[in-house]
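Visitor: Residue numbering for the sequence shown is 0 to 159, as defined by numbering that gives the first Met the number 0. Take this structure, written in structure tokens, and hold onto it; I'll ask about it next.
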Amino acid sequence: MKKKRTFFLFLTVVFIFLSVLAFAQSSEEKKMVKKRFHVLAREVMDELKLTEKQQADLHALREELKDEAISTWKKVDELQIKLRESVLKGAESSGEAHNEIINKIAALKARMVKNRLEYWIKFVEILDSSQRETLADRLKELRERRPKRGSHLRQYFPFP
């Protein structure tokens, strides 16, 4: 009985210790967790003060990229399913077939990265010079505030 009580006490202490570690964040980290990427992006877009024409151009550009991204992800999913089934078959499948599928998946993902960068360039071209300066300053500020997690911002905003 004493061993059970000791073991239970040990588990309780470990649970409490791990809970404290999980919730121990600085106040700045807590603020940044609350402000997810889309909220920060909305703040930046509000600061840019886009005209109606710019908003329409950006909306059309976003829809174009969105449609292409959806079709590309469907192709990637189909290829991944095909690869999974091929690998699970075992002896019937060949390494060359696997490499061919892997190369197709890599090419599709590379095309998506290229499209995202082209989208970024088109997005910046729509802005005027003062809006570009505002965007560059704001992105620099966001990266400085989030040095640990700033790498994901480079994925969406590769410049400044």
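Every residue, glycine too, gets a C-beta built ideally from N, C-alpha and C.
1. Are there 16 or more other CB atoms within 10 angstroms of the CB of L141, so buried, or fewer, so exposed?
2. Using 8 angstroms as the threshold, is the segment 38 to 56 in touch with the segment 127 to 144, meaning 3 or more CB pairs across them?
3. Name the two residues that bound the continuous alpha helix (DSSP H) containing S129.
4. Under 7 angstroms Cβ to Cβ from T71, same chain only, skipping five residues before and after it: list those, please.
5. Determine the direct distance from the alpha carbon of V75 to that of L82, and round the result to whole angstroms.
6. With distances taken between CB atoms, is the gap from L39 to Y118 smaller than 8 angstroms?
7. Given A96, which residues of its chain have a CB within under 8 angstroms of its CB, disregarding the five upstream and five downstream residues?
8. Quick one: using the 10 Å Cβ neighbour count with 16 as the cut-off for buried, is L138 buried or exposed?
9. On a Cα-Cα basis, can you pick out the residue from L78, V43, R4 and I80 that is closest to L126?
Guide: Working from what's here:
1. By one-based count along the sequence shown, residue 141 stands at place 142. Buried, by the Cβ-count rule.
2. The segment 38 to 56 makes contact with the segment 127 to 144: 3 or more CB pairs, one atom from each, lie closer than 8 angstroms.
3. Walking along the sequence shown from the start, residue 129 turns up at place 130. Residues S128 to R144.
4. Locating residue 71 in the sequence shown gives position 72, counting from the first residue. The answer, listed in chain order, is L107, R110 and M111.
5. If you number the sequence shown from 1, residue 82 lands on position 83. If you number the sequence shown from 1, residue 75 lands on position 76. When rounded, the distance between both Cα atoms is 10 angstroms.
6. Taking the sequence shown and counting its residues from 1, the one referred to as residue 39 is at position 40. Taking the sequence shown and counting its residues from 1, the one referred to as residue 118 is at position 119. No; because the gap between Cβ atoms is not below 8 angstroms, this pair is not in contact.
7. Position 97 of the sequence shown, counted from the start, is the residue given in the question as residue 96. If we look at A96 and ignore the five residues flanking it on each side, its Cβ neighbours are S85.
8. Residue 138 sits at position 139 when you count from the first residue of the sequence shown. It is buried - the Cβ of L138 has at least 16 other Cβ atoms within 10 Å.
9. If you number the sequence shown from 1, residue 126 lands on position 127. That would be V43, whose Cα lies nearest to the Cα of L126.
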